[in-house]
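**Student:** Protein chains in written order, with the numbering used here: chain B, 1 to 293; chain S, 1 to 293; chain X, 1 to 293; chain R, 1 to 293.
Even for Gly, the Cβ is constructed at its ideal location relative to N, Cα and C.
A quick note: this is a predicted structure, and the numbers were derived from the prediction, not measured.
Got a structure for you, questions after.
There are 4 protein chains.
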Amino acid sequence: MKVGFIGLGSMGAGMARNLLKAGHEVTVFNRSPAKAAPLVEAGAVAASSVAEACKGEAVITMLADDAAVSSVAEGEGGILASLAPGALHVSASTISVALSEKLTAAHAEAGQLYAAAPVFGRPEVAAAGELFVAAAGPADTLTLAQPLFDAIGRQTFVFSDTPSKANLVKLSGNFLIACVIETLGEALALVGKGGVDQKQYLDFLTSTLFGAPVYRNYGNLIVDTTPRPVGFAAPLGLKDMRLALAAAEELRVPLPVGSLLRDRFLTLLANGGEGQDWSAIGRLAAKDAGGVV
Amino acid sequence: MKVGFIGLGSMGAGMARNLLKAGHEVTVFNRSPAKAAPLVEAGAVAASSVAEACKGEAVITMLADDAAVSSVAEGEGGILASLAPGALHVSASTISVALSEKLTAAHAEAGQLYAAAPVFGRPEVAAAGELFVAAAGPADTLTLAQPLFDAIGRQTFVFSDTPSKANLVKLSGNFLIACVIETLGEALALVGKGGVDQKQYLDFLTSTLFGAPVYRNYGNLIVDTTPRPVGFAAPLGLKDMRLALAAAEELRVPLPVGSLLRDRFLTLLANGGEGQDWSAIGRLAAKDAGGVV
Amino acid sequence: MKVGFIGLGSMGAGMARNLLKAGHEVTVFNRSPAKAAPLVEAGAVAASSVAEACKGEAVITMLADDAAVSSVAEGEGGILASLAPGALHVSASTISVALSEKLTAAHAEAGQLYAAAPVFGRPEVAAAGELFVAAAGPADTLTLAQPLFDAIGRQTFVFSDTPSKANLVKLSGNFLIACVIETLGEALALVGKGGVDQKQYLDFLTSTLFGAPVYRNYGNLIVDTTPRPVGFAAPLGLKDMRLALAAAEELRVPLPVGSLLRDRFLTLLANGGEGQDWSAIGRLAAKDAGGVV
Amino acid sequence: MKVGFIGLGSMGAGMARNLLKAGHEVTVFNRSPAKAAPLVEAGAVAASSVAEACKGEAVITMLADDAAVSSVAEGEGGILASLAPGALHVSASTISVALSEKLTAAHAEAGQLYAAAPVFGRPEVAAAGELFVAAAGPADTLTLAQPLFDAIGRQTFVFSDTPSKANLVKLSGNFLIACVIETLGEALALVGKGGVDQKQYLDFLTSTLFGAPVYRNYGNLIVDTTPRPVGFAAPLGLKDMRLALAAAEELRVPLPVGSLLRDRFLTLLANGGEGQDWSAIGRLAAKDAGGVV
Numbered sequence: 001m002k003v004g005f006i007g008l009g010s011m012g013a014g015m016a017r018n019l020l021k022a023g024h025e026v027t028v029f030n031r032s033p034a035k036a037a038p039l040v041e042a043g044a045v046a047a048s049s050v051a052e053a054c055k056g057e058a059v060i061t062m063l064a065d066d067a068a069v070s071s072v073a074e075g076e077g078g079i080l081a082s083l084a085p086g087a088l089h090v091s092a093s094t095i096s097v098a099l100s101e102k103l104t105a106a107h108a109e110a111g112q113l114y115a116a117a118p119v120f121g122r123p124e125v126a127a128a129g130e131l132f133v134a135a136a137g138p139a140d141t142l143t144l145a146q147p148l149f150d151a152i153g154r155q156t157f158v159f160s161d162t163p164s165k166a167n168l169v170k171l172s173g174n175f176l177i178a179c180v181i182e183t184l185g186e187a188l189a190l191v192g193k194g195g196v197d198q199k200q201y202l203d204f205l206t207s208t209l210f211g212a213p214v215y216r217n218y219g220n221l222i223v224d225t226t227p228r229p230v231g232f233a234a235p236l237g238l239k240d241m242r243l244a245l246a247a248a249e250e251l252r253v254p255l256p257v258g259s260l261l262r263d264r265f266l267t268l269l270a271n272g273g274e275g276q277d278w279s280a281i282g283r284l285a286a287k288d289a290g291g292v293v
Numbered sequence: 001m002k003v004g005f006i007g008l009g010s011m012g013a014g015m016a017r018n019l020l021k022a023g024h025e026v027t028v029f030n031r032s033p034a035k036a037a038p039l040v041e042a043g044a045v046a047a048s049s050v051a052e053a054c055k056g057e058a059v060i061t062m063l064a065d066d067a068a069v070s071s072v073a074e075g076e077g078g079i080l081a082s083l084a085p086g087a088l089h090v091s092a093s094t095i096s097v098a099l100s101e102k103l104t105a106a107h108a109e110a111g112q113l114y115a116a117a118p119v120f121g122r123p124e125v126a127a128a129g130e131l132f133v134a135a136a137g138p139a140d141t142l143t144l145a146q147p148l149f150d151a152i153g154r155q156t157f158v159f160s161d162t163p164s165k166a167n168l169v170k171l172s173g174n175f176l177i178a179c180v181i182e183t184l185g186e187a188l189a190l191v192g193k194g195g196v197d198q199k200q201y202l203d204f205l206t207s208t209l210f211g212a213p214v215y216r217n218y219g220n221l222i223v224d225t226t227p228r229p230v231g232f233a234a235p236l237g238l239k240d241m242r243l244a245l246a247a248a249e250e251l252r253v254p255l256p257v258g259s260l261l262r263d264r265f266l267t268l269l270a271n272g273g274e275g276q277d278w279s280a281i282g283r284l285a286a287k288d289a290g291g292v293v
Numbered sequence: 001m002k003v004g005f006i007g008l009g010s011m012g013a014g015m016a017r018n019l020l021k022a023g024h025e026v027t028v029f030n031r032s033p034a035k036a037a038p039l040v041e042a043g044a045v046a047a048s049s050v051a052e053a054c055k056g057e058a059v060i061t062m063l064a065d066d067a068a069v070s071s072v073a074e075g076e077g078g079i080l081a082s083l084a085p086g087a088l089h090v091s092a093s094t095i096s097v098a099l100s101e102k103l104t105a106a107h108a109e110a111g112q113l114y115a116a117a118p119v120f121g122r123p124e125v126a127a128a129g130e131l132f133v134a135a136a137g138p139a140d141t142l143t144l145a146q147p148l149f150d151a152i153g154r155q156t157f158v159f160s161d162t163p164s165k166a167n168l169v170k171l172s173g174n175f176l177i178a179c180v181i182e183t184l185g186e187a188l189a190l191v192g193k194g195g196v197d198q199k200q201y202l203d204f205l206t207s208t209l210f211g212a213p214v215y216r217n218y219g220n221l222i223v224d225t226t227p228r229p230v231g232f233a234a235p236l237g238l239k240d241m242r243l244a245l246a247a248a249e250e251l252r253v254p255l256p257v258g259s260l261l262r263d264r265f266l267t268l269l270a271n272g273g274e275g276q277d278w279s280a281i282g283r284l285a286a287k288d289a290g291g292v293v
Numbered sequence: 001m002k003v004g005f006i007g008l009g010s011m012g013a014g015m016a017r018n019l020l021k022a023g024h025e026v027t028v029f030n031r032s033p034a035k036a037a038p039l040v041e042a043g044a045v046a047a048s049s050v051a052e053a054c055k056g057e058a059v060i061t062m063l064a065d066d067a068a069v070s071s072v073a074e075g076e077g078g079i080l081a082s083l084a085p086g087a088l089h090v091s092a093s094t095i096s097v098a099l100s101e102k103l104t105a106a107h108a109e110a111g112q113l114y115a116a117a118p119v120f121g122r123p124e125v126a127a128a129g130e131l132f133v134a135a136a137g138p139a140d141t142l143t144l145a146q147p148l149f150d151a152i153g154r155q156t157f158v159f160s161d162t163p164s165k166a167n168l169v170k171l172s173g174n175f176l177i178a179c180v181i182e183t184l185g186e187a188l189a190l191v192g193k194g195g196v197d198q199k200q201y202l203d204f205l206t207s208t209l210f211g212a213p214v215y216r217n218y219g220n221l222i223v224d225t226t227p228r229p230v231g232f233a234a235p236l237g238l239k240d241m242r243l244a245l246a247a248a249e250e251l252r253v254p255l256p257v258g259s260l261l262r263d264r265f266l267t268l269l270a271n272g273g274e275g276q277d278w279s280a281i282g283r284l285a286a287k288d289a290g291g292v293v
């Protein structure tokens with residue numbers, strides 16, 4: 001397929017590269033153009049504007065937040081103004097349910113197709129083309145998009161013909177990951193201060209009832225404080241909790257652990273955590289406990 | 001080994017049966033003696049008193065709470081008074097760190113051996129002999145107890161030579177399971193009220209990042225409301241949160257999600273949940289949201 | 001003064017009436033015009049548009065939320081477009097810090113004056129002209145507005161020359177009132193279920209350490225379930241918690257009790273509370289406790 | 001009356017002195033006898049044992065916790081063993097509902113009278129004889145005790161003929177005070193970080209809707225960090241939250257803000273707060289917010 005890709009951050013770069021590998025013709029655009037260079041080397045065409053990235057059958061957006069997606073989708077030279085009738089916008093970003101609903105209506109009015117397909121996985125998983133794709137949109141639209149999903153992901157899960165449902169699934173999924181970080185952090189603070197070896201404890205958990213990738217990965221990130229690159233920045237974690245809570249508020253669903261997580265992120269960000277990985281909230285319980293180790 | 005087994009509830013019955021299967025000579029005791037009958041049929045000897053169950057090399061206790069363990073361990077005719085010098089008491093119950101410390105001291109003073117070996121798994125896992133055993137105690141003592149652990153469990157994890165550390169691990173583990181129930185309940189309420197199919201959502205979670213038994217089992221218990229036998233009663237869930245919080249308080253470790261879980265169990269128990277499985281707290285989020293489906 | 005008044009709800013009607021009583025020339029506007037009739041009878045002039053209410057030296061807005069204030073302030077025929085240079089907009093509504101900052105900039109650009117002066121007190125207090133006014137804005141502007149404050153309030157407190165600080169004070173004040181409702185509700189559920197007479201308990205509290213109007217008023221609203229008119233509707237309570245949390249999030253201040261209150265309001269609204277007074281959250285603790293009396 | 005007084009801490013010393021002032025014959029006992037000296041100077045007789053303090057018509061206990069009260073009430077030479085039949089034990093300490101129930105039964109069995117009369121007020125209020133007394137017990141018993149209450153307090157509130165109800169009132173009252181500290185702390189962190197003067201804000205609150213002593217006193221303790229003597233130590237605050245939560249758990253009443261307060265005290269105590277006044281939890285919100293001023 002001839003496809004545009006907008007947003008070459010740590011996730012998007014890997015996704016665009018896997019589209020190329022799968023044989024698609026990819027035109028890439030990024031606000032700061034330097035990030036396009038390695039992809040051009042790998043065979044992509046660099047677009048000098050959003051509009052240029054919208055000349056194919058489809059365009060994928062993978063951006064940090066609602067504001068970034070709005071700024072490329074709306075207004076003069078934006079996706080809505082540039083995409084051909086019948087062409088497809090796949091929104092892979094973690095955005096609000098409300099913005100996804102707004103885009104659904106706007107693309108319909110413009111005679112364009114729209115699907116939401118947020119993805120699960122950290123940058124190394126994106127690079128490996130092993131993301132999980134949570135997709136929603138009209139059946140025809142998803143069929144059209146499937147080759148793109150196949151290129152970036154290991155498996156696609158279809159939830160609804162209403163795109164915003166996929167955004168709700170993504171937000172609730174990130175909420176559940178943050179729950180794992182927080183609750184593991186509490187348990188590790190408790191056993192650690194009680195004199196149990198934290199790594200041995202984690203090994204026990206993940207080889208018994210909690211044998212899921214999310215416990216292994218985040219458990220290690222909490223216990224092993226070796227400096228490493230930020231996979232998912234703390235401010236994005238706060239953003240996701242805010243969006244999950246906003247969706248929940250709209251639906252009148254109280255999420256008490258969600259509220260607590262939002263407070264954790266605020267505490268982290270108010271105390272120097274702006275540049276840390278979101279897993280750093282998993283060390284706040286130990287800090288409250290006076291520092292464990 | 002010649003071993004006594006005290007406490008033939010839904011967990012203990014299966015454990016005792018697996019000791020028999022493994023070829024141990026088992027003398028069983030239960031407060032209400034009717035529960036001993038099926039085990040006697042399977043080859044066990046029925047003891048008419050705690051003291052009678054203490055005549056072998058070891059005795060295992062598997063009882064509901066601190067009060068029950070104290071009542072068989074202490075006082076005239078109790079385990080401490082009845083066990084031979086050098087014989088072993090394995091406490092498999094989920095009891096407080098404080099009581100485990102008290103038993104450690106009391107058995108030492110009586111010249112007896114003591115190990116804590118609480119287990120992970122619901123009744124059907126106990127019946128299958130596939131429990132995970134979290135053990136702590138002096139190395140020699142644990143070596144002695146290993147054949148018993150092998151009979152009841154799939155794998156033994158040794159945490160410390162201080163028995164109470166295993167109790168801390170068990171309590172923190174149950175805390176983490178309850179965290180899964182609560183947070184899954186919140187996420188399911190959110191997506192369910194938002195119009196996403198809950199079973200499909202659960203399937204997505206457990207085939208991606210949350211592919212752990214605990215998510216599968218408790219997810220199903222929350223979503224599928226078919227009546228079924230109670231595996232772990234809600235009042236025991238409250239007890240475990242209380243013991244985890246008590247251990248944490250002693251160690252000065254705040255556990256905010258633990259506090260929230262305690263409140264959930266109180267809400268459940270105050271509203272007719274005394275006879276329900278503890279997974280019922282996973283449906284309170286949906287109830288707060290006005291009933292989802 | 002010649003002053004316009006926009007928003008004749010249960011609070012605004014009383015405030016406008018007290019401006020008339022104090023001798024000001026008042027032009028009133030309300031989206032549904034029927035509410036203007038009793039004030040016209042009392043001497044006010046009815047405006048048929050927002051613009052008509054902006055022909056004097058000042059205009060006061062007293063509306064339900066950000067959306068309502070935006071809709072009368074912005075756009076064609078709105079306050080910003082209609083008010084004379086040098087004329088004054090007093091925003092008495094409980095609005096977000098962000099909107100107040102936006103209005104500050106917009107009025108400055110239009111050469112108009114702007115002050116924020118949210119008020120404390122329920123409808124009967126507004127009717128009595130006994131509100132507390134929390135004001136902020138440039139000193140000159142506040143001096144100009146003082147006669148208006150004197151007409152509607154018992155006392156004016158000046159916080160800053162930056163208008164939005166008064167909005168922050170108002171939101172934090174409503175947060176503190178909601179805290180009283182929630183915590184009184186918890187204490188009343190505890191002692192009530194424990195067999196202590198709730199009215200006697202409340203009388204004890206308010207004649208000793210908690211002798212403040214807010215404890216007396218809200219204590220009675222919780223304990224005495226006689227049906228009565230809604231003073232401050234639950235959805236407005238949720239809105240205020242949301243705005244307080246939004247301001248706090250912007251400032252990176254975690255408010256754990258604020259988070260809990262937001263969840264309480266969601267629970268109330270999801271369970272039939274849309275038309276109830278916000279004090280109804282004070283009965284949720286008793287409900288969680290299984291119903292106390 | 002001829003009355004014994006056991007427990008001469010910062011509260012008890014003032015209370016005993018006021019009993020002397022009112023003309024009662026007071027025999028005082030304290031575990032560390034040095035504290036008796038100033039009272040002996042003021043006219044008291046120093047007892048060298050608990051039993052000696054139990055020779056009059058009544059004995060009052062004012063001790064730190066359940067353990068201290070148990071240790072003087074029970075066992076050889078304790079109050080239960082020493083008090084004459086028909087003589088009265090007034091328990092003024094903040095103890096658990098459970099211990100109060102146990103003492104009620106034990107004194108009845110010993111043919112002695114028992115009333116619970118916990119008091120509200122900090123040490124300076126105790127010194128002034130201006131405490132509020134929350135009393136419960138059989139009517140005859142309370143009539144007998146009234147002259148003692150009159151000596152130490154400004155006003156007596158009678159709640160029930162079951163003594164432990166007064167303990168429940170006391171615990172719920174301390175819970176409500178801690179709620180004020182926490183919620184004021186959150187509001188002060190919010191407005192302070194937002195640029196509003198905290199003292200001016202506090203002055204506004206306490207001269208309007210929150211005009212209660214508890215807001216004035218604790219507001220000042222939070223905002224004004226001048227070192228001053230500890231009025232009520234943080235570990236006692238934790239104890240009171242624990243006892244309130246234990247009573248609530250027994251009654252199946254979830255107290256979410258109570259749970260949060262317990263966590264706050266644990267955080268405080270885990271981070272150097274053992275020797276601080278309990279009002280220090282009111283500064284944790286600002287600390288979480290990165291330090292406000």
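What residues from chain R crowd round alanine 270 (chain B), counting only those whose CB sits closer than 7 Å?
**Tutor:** Those within 7 Å of alanine 270 (chain B) in chain R are Asp288, Ala289, Gly290.
**Student:** Assign threonine 206 (chain B) to one of three DSSP states: helix, strand, or coil.
**Tutor:** The answer is helix: DSSP assigns threonine 206 (chain B) an H, G or I state.
**Student:** List the residues of chain X whose Cβ lies closer than 7 Å to the Cβ of threonine 267 (chain S), in chain order.
**Tutor:** Within 7 Å Cβ-Cβ: Asp288.
**Student:** Using a Cβ-Cβ cutoff of less than 6 Å, which residues in the same chain neighbour leucine 19 (chain R) once the five nearest sequence positions on both sides are dropped?
**Tutor:** Same-chain partners within the cutoff: Val26, Ala151.
**Student:** Comparing C-alpha positions only, which one of B:Leu284, B:Gly7, B:Arg283, B:Met11 sits nearest to valine 28 (chain B)?
**Tutor:** With distances taken between Cα atoms, valine 28 (chain B) lies closest to B:Gly7.
**Student:** Would you decide whether arginine 228 (chain S) is buried or exposed? Buried here means 16 or more other CB atoms lie within 10 Å of its CB.
**Tutor:** Under this definition arginine 228 (chain S) is an exposed residue.
**Student:** Note down, in chain order, every chain B residue with its Cβ under 9 Å from the Cβ of lysine 165 (chain S).
**Tutor:** What lysine 165 (chain S) touches in chain B: Val191, Gly194, Gly195, Val196.
**Student:** Using CA atoms only, rank isn't needed, just tell me which of S:Ala47, S:Gly75, S:Met11 is closest to leucine 63 (chain S).
**Tutor:** Ranking the options by Cα distance to leucine 63 (chain S), first place goes to S:Met11.
**Student:** Quick one: which chain R residues come within Cβ less than 8 Å of glycine 258 (chain X)?
**Tutor:** The answer, in chain order, is Glu186.
**Student:** Would you mind telling me which residues of chain R sit closer than 7 Å to threonine 208 (chain X), beta carbon to beta carbon, in chain order?
**Tutor:** Within chain R, the residues near threonine 208 (chain X) are Phe120, Phe132.
**Student:** Whose Cβ in chain X lies nearer than 8 Å to the Cβ of alanine 177 (chain R)?
**Tutor:** Here residue 177 (chain R) turns out to be isoleucine, not alanine, going by the sequence shown. Under the 8 Å cutoff, chain X gives Leu209.
**Student:** Expressed to the nearest angstrom, what Euclidean distance is found between the alpha-carbon atoms of valine 180 (chain X) and alanine 166 (chain X)?
**Tutor:** Each residue's alpha carbon lies about 21 Å from the other.
**Student:** Can you list, in chain order, the residues of the stretch 86 to 102 of chain R whose Cβ is nearer than 7 Å to any Cβ on chain S?
**Tutor:** Of all residues in the stretch 86 to 102 of chain R, none has a Cβ within less than 7 Å of some Cβ in chain S.
**Student:** Tell me the DSSP bridge mates of glutamine 155 (chain X)?
**Tutor:** Answer is X:Phe132.
**Student:** Whether or not the stretch 82 to 91 of chain B and the stretch 102 to 114 of chain B are in contact is what I'm after, with contact meaning three or more pairs of Cβ atoms, one per stretch, closer than 8 Å; do they touch?
**Tutor:** Yes, the stretch 102 to 114 of chain B is in contact with the stretch 82 to 91 of chain B.
**Student:** Tell me, please, whether the CB atom of proline 213 (chain R) is closer than 8 Å to any CB atom in chain X?
**Tutor:** With 8 Å as the cut-off, proline 213 (chain R) counts as an interface residue toward chain X.
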